[in-house]
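Please read the structure below before turning to the comments.
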Amino acid sequence: MFGLKKSFSVHKGFGLTLGITLFYLGLMLIIPLSTLFFKTFSLTWESFWATVTDERVMKAYQVSFGTAFLAAGVNLIFGTLIAWVLVRYQFFGKRILDALIDFPFALPTAVAGICLTTLFAGSGWVGHYLELAGIQVVFTQWGIVIALIFITLPFSVRSIQPVLEDLNPEVEEAAISLGANRWQLFSRIIVPELLPAAFAGFTLSFARALGEYGSVVFISGNLPFKTEIAPLLIVTKLEQYDYTGATSIAVVLLIFSFITLIILNSLQSLNRTWKSRN
Amino acid sequence: MSILIENLTKKFGTFTAVDQLSLTVNDGELLALLGPSGCGKTTLLRMIAGLENPDQGTIKFHENENQVTENRIGFVFQHYALFRHMTVFENVAFGLKVKPRSIRPSKEAIRSKVFDLLKMVQLDWAVNRLPSELSGGQRQRVALARALAIEPKVLLLDEPFGALDAKVRKELRRWLRHLHDELKITSVFVTHDQEEALEVSDRIVIMNQGKILQQGTPEEVYAHPANPFVFNFLGNVNLFHGRIENGEANQVGFVRPHDISIEVTPNGLDRFEAVVDRVFSIGNLTRVELKLTESGRFVDSEISKETFDKLQIKTGDKVFIKLNKIKVFQADQNQPEYSI
């Protein structure tokens, strides 16, 4: 029985490819990450707990998670809208706009941070008017959110775009012929189809925003208890040669990122089952 | 409800999909729009459904001689277009659930209606399944139940059996005919399969290049095709070129394979000598491919297995063929030459 299965299997390269996968992941991912844990384990539980529950650190987590969540949420809405426009309409310059979406991927994040700071500072083009309206962006959490929105925009657009492209126009026509109005069409037919991809995009943005450092440090001003994010604290601790303190904060951040990614992957597999079923 | 279509035109860029077409669909009939792909039949159907806007012309719906503007149209798509994230029940209930609150049936009413419909399409056992868990034929039945849920006055079907395999197609065809006899909804279905059109419909409209070439009952169009295109489209055909009796030049004779009989010895003057090239039998029908001695052209003959056995012929034998029924068209009418 097993012999038969082996010799007739379509997936002949299973052993080899799995081996390569594990080796590659081990070398590139698991070993580097495990050193993080080993370094942290050199601490006693008490000093680890004291480091990660320090008031300033707790506040930094709060800022990091709060801004990342907000940025991912904003991109969920606007990313969907942008994907919708890119997929559903034909207009001049569409291809250029489409290529532009990936720009935040390519741009060094520090450059993005400096650009945004210059733009939103009181003397900048946008910041000048915002200041007149009494809104300050630079050196506040709003600044962090804007930087994170910029950095994570491609994730949400690129998650939703292919699903929208795959939507069968006949399904929408069927809904209309059955008497659905525009809102019912959107809420009952399109949204359920987009939901898994939208959530995947959200989680991806969220995870990326949690780890973002380069663009944020310029615009946030890094004020302790106010605009200090967790990755910045890690760097600060490294600069003070407090390696175990840095890895402790990193481990907590990593665990939360990992949980987020597990959610992301399960949503993606849900999305895939729908597709393969049809 | 009857449908009155006048001077309908639809262009896609420079391509004219439907060209000044006029057609009446009578109340309660099952009409087939038949034609090759790209002939405009689907575009016409989509315009009737309101899914496409005509460039010119009108489509009017009449109920008991009165024109109505509000009409309910059920549409069935070739690839089912079911809502994949909804169960069979939710799919069928969709049209009822999206009704404005004031005219929406109660939950219980929707439930019993959906169950009735699913019973009718013999899928009441699949009520909680997802479309992906059903076969093609079952999915199309769900699509039909979904379209019928809104109690349409007109049912439009776009190649409803096109994506199904031959056996299921045949079964569903017959089933659709029964359903129509029972419900008597004015129905229009699009097909490129002449057998399907001939078997199911009350009336056939044959289209090509955005225009109607002929319309009539299946018997009429099959027995009296108006032109070579229709003759060719409705079944296999043999062409005989040349001058035929009255001496007019460039005429083409069209003969169906079953109108060619085979004799071992000529029993008259109007026989053509031929050589048996290939023989194959499907069930009770035997198809004999013959090569005409004079012209070298090939013709097909369809005879019963019984007749074939009596003839005792085999490949390479010299025989004589008789054309029992021949339809003659001017050759210039016969646009490009049709292959057999």
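Going down the list, the protein sequences come from chains A and B.
If you read the first sequence in my numbering, its first letter stands for residue 239, the second for the next number, and so on.
If you read the second sequence in my numbering, its first letter stands for residue 238, the second for the next number, and so on.
In this text, a Cβ means the ideal position worked out from N, Cα and C, and glycines have one as well.
Exposed unless 16 or more other CB atoms sit within 10 angstroms - verdict on residue i
i: A:Gly241; result: Any reading at A:Gly241 needs caution, since the residue's pLDDT is 46, under 50, leaving its predicted position unreliable; the model's value is listed next. Looking at its Cβ environment, which holds fewer than 16 other Cβ atoms inside 10 Å, A:Gly241 is exposed.
i: A:Met239; result: The predicted model places A:Met239 with a pLDDT of 43, which falls under 50 and marks its position as unreliable; any figure quoted below should be read in that light. By the 10 Å Cβ count, A:Met239 comes out exposed.
i: B:Arg338; result: exposed
i: B:Pro573; result: Residue confidence for B:Pro573 is low, a pLDDT of 44 falling below 50, so the modelled location carries little weight; the figure read from the coordinates is stated next. Exposed.
i: B:Val512; result: exposed
i: B:Asn244; result: exposed
i: A:Ile500; result: exposed
i: B:Glu433; result: buried
i: A:Gly251; result: exposed
i: B:Lys551; result: exposed
i: B:His417; result: buried
i: A:His366; result: exposed
i: A:Ile497; result: exposed
i: A:Phe440; result: buried
i: B:Val501; result: exposed
Straight-line gap, residue i to residue j (C-alpha atoms, nearest Å)
i: B:Phe509; j: B:Phe557; result: 5 Å
i: B:Ile441; j: A:Glu431; result: 39 Å
i: A:Glu410; j: A:Arg420; result: 10 Å
i: A:Ala484; j: A:Val376; result: 26 Å
i: B:Ile422; j: B:Leu385; result: 10 Å
i: B:Lys407; j: A:Ile427; result: 32 Å
i: B:Val489; j: B:Val335; result: 58 Å
i: B:Arg524; j: B:Glu419; result: 38 Å
i: A:Pro407; j: B:Val391; result: 22 Å
i: A:Asn503; j: A:Ala438; result: 8 Å
i: B:Met357; j: A:Ala445; result: 51 Å
i: A:Leu402; j: B:Phe249; result: 24 Å
i: B:Ile563; j: B:Asn469; result: 13 Å
i: B:Gln304; j: B:Val427; result: 25 Å
i: A:Thr482; j: A:Trp283; result: 12 Å
i: B:Glu388; j: B:Ser372; result: 25 Å
i: B:Ser259; j: B:Ser369; result: 40 Å
i: B:Ile240; j: B:Leu282; result: 12 Å
i: A:Glu466; j: B:Val325; result: 52 Å
i: B:Asn445; j: B:Leu409; result: 26 Å
i: B:Ala403; j: B:Gly453; result: 26 Å
i: B:Glu289; j: B:Gln359; result: 33 Å
i: A:Gly264; j: A:Val429; result: 38 Å
i: B:Val437; j: B:Leu560; result: 30 Å
i: A:Val290; j: A:Ser280; result: 15 Å
i: A:Leu405; j: A:Leu319; result: 15 Å
i: A:Gly449; j: A:Gly362; result: 27 Å
i: A:Phe424; j: A:Leu433; result: 12 Å
i: B:Gln505; j: B:Pro462; result: A small fix is needed here, since residue 505 of chain B is Gly in this sequence, not Gln. Near 28 Å, if we compare the C-alpha coordinates of B:Pro462 and B:Gly505.
DSSP bridge partner residues for residue i (one or two, in chain order)
i: B:Met444; result: B:Ile449
i: B:Lys528; result: B:Val512 and B:Phe535
i: B:Asn475; result: B:Val492
i: B:Leu271; result: B:Thr428 and B:Ile443
i: B:Ile497; result: B:Leu560
i: B:Ser239; result: B:His299
i: B:Ser518; result: B:Thr523
i: B:Lys583; result: Missing from the structure shown is residue 583 of chain B; chain B here goes from 238 to 577 and no further.
i: B:Gly311; result: B:Leu392
i: B:Thr253; result: B:Lys248
Neighbouring residues, chain A, relative to residue i (Cβ below 7 Å)
i: B:Ile387; result: Leu416 and Gly417
i: B:Gly332; result: Leu416 and Gly417
i: B:Phe314; result: Glu408 and Ala412
Interface residues of chain B facing residue i [CB-CB closer than 8 Å]
i: A:Ile427; result: Phe320
Chain-ordered neighbours of residue i on chain B, where CB pairs are closer than 7 Å
i: A:Gln422; result: Val335
i: A:Val409; result: Ala318 and Phe320
i: A:Pro430; result: His322
9 Å Cβ cutoff, residue i in contact with chain E
i: B:Ala382; result: Of the protein chains in the structure, A and B, none is chain E.
Contact list for residue i against chain A, beta-carbon separation under 9 Å
i: B:Ile310; result: Ser415
i: B:Ala286; result: Glu411 and Ser415
Test item: CB-CB of residue i and residue j under 9 Å
i: A:Thr390; j: A:Phe456; result: no
i: B:Val379; j: B:Asn328; result: yes
i: A:Val383; j: A:Leu324; result: no
i: A:Ile487; j: A:Ala298; result: yes
i: B:Leu267; j: B:Asp439; result: yes
i: B:Phe320; j: B:Asp395; result: no
i: A:Ala435; j: A:Pro400; result: yes
i: A:Ala452; j: A:Gly351; result: According to the sequence as given, residue 452 of chain A is Gly; it is not Ala. Going by C-beta atoms, A:Gly452 is nearer than 9 Å to A:Gly351.
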